[in-house]
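In case it helps, our numbering puts the sequence shown at residues 312 to 404.
Heads up, the thing below is written out as structure tokens.
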Amino acid sequence: MSHINIRRSHNLSLEKARESAEHIASQLNDRFQMDYYWQQNTLYFERSGINGYMDVSGTEVRIHARLGFLLTPLKPRFEDAIHRYLDELSTAG
Numbered sequence: 312m313s314h315i316n317i318r319r320s321h322n323l324s325l326e327k328a329r330e331s332a333e334h335i336a337s338q339l340n341d342r343f344q345m346d347y348y349w350q351q352n353t354l355y356f357e358r359s360g361i362n363g364y365m366d367v368s369g370t371e372v373r374i375h376a377r378l379g380f381l382l383t384p385l386k387p388r389f390e391d392a393i394h395r396y397l398d399e400l401s402t403a404g
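Listed below in structure tokens is the structure:
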């Protein structure tokens, strides 16, 4: 099992950061068919072979994901996609 841990600061309000995280999750769902749901300020996501969460605060976003054995070779692809979407988040506003 492989892990992805990404932490990124932002300058958005908590509400705007949550909206941006929702947009990111929607795009990840479209691209990787991931289901997701919110529990307070944490967005949980999962699909076969991957699960994790995105904690959203007023100052940063933290993402933790666990990849199953079969998806481990795709770790760089997932990380690149997450970084691209977080780049979008940092320029939103």
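Idealized CB from N, CA, C, for every residue including glycine.
- For Asp346 versus Glu357, is the C-beta distance shorter than 8 Å? yes
- For my contact list, Gly360 and Leu381 are in at a C-beta cut-off of 8 Å; report their separation, rounded to the angstrom. 6 Å
- Task: For Asn316, collect the residues of the same chain with a Cβ closer than 6 Å to its Cβ; drop the 5 residues on either side in sequence, then sort them by chain order.
- Result: His375
- Message: In the DSSP output, what is Ala376 paired with across the bridge?
- Response: Ile315, Gly363
- Task: Just tell me which of Pro387, Gly379, His314, Thr370 has its CA closest to the CA of Ser324.
- Result: Thr370
- Message: Measuring straight from C-alpha to C-alpha, what distance separates Leu385 and Glu326?
- Response: 32 Å
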